[in-house]
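Scroll down for the structure; my scribbles are underneath it.
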Amino acid sequence: MPTAVLTDHERTAVQAYLRLLQTVRAAMDAPSGSGRPVVVPPSALAEAERALAAAGLEGNEEAFFRLLHTWCPEV
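Quick note: the sequence shown uses full-length UniProt numbering, first residue 1, plus one each step.
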């Protein structure tokens, strides 16, 4: 159970990161030759970048991952 109280921007950043992570996992889990994307869609990366910037976490990976681990320890 999360113990940190996140701001709306922090929550959005964590959710965007988790969606990005799920996209990458899905791409990597797809069987070869299935037309799986070689890269993550630019829209997924852009969403994560915007969310990190809005939360003031852009370029501060240490703080972001500490926040992510507190809120979502299984990732």
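The C-beta atom is built at its ideal place from N, Cα and C for all residues, glycine as well.
Inset, instruction - Answer yes if the stretch 51–59 comes into contact with the stretch 24–32, meaning at least three C-beta pairs across the two stretches below 8 Å, and no otherwise. - result: Short answer: they don't touch.
Inset, instruction - Taking Ala27 as part of the alpha helix (DSSP H), name the residues at either end of that continuous run. - result: Here the alpha helix (DSSP H) through Ala27 covers Asp8 to Asp29.
Legend entry - Among Pro73, Gly59, Phe65 and Ala44, the one whose alpha carbon lies nearest that of Val24: Closest option to Val24, Cα to Cα, is Ala44.
Inset, instruction - Measure the Cβ-Cβ separation of Leu20 and Ala48 and say whether it is below 8 Å. - result: Yes; because the gap between Cβ atoms is below 8 Å, this pair is in contact.
Legend entry - Three-state class that DSSP yields for Leu45 in the structure shown: In the three-state scheme derived from DSSP, where H, G and I count as helix and E and B as strand, Leu45 is classed as helix.
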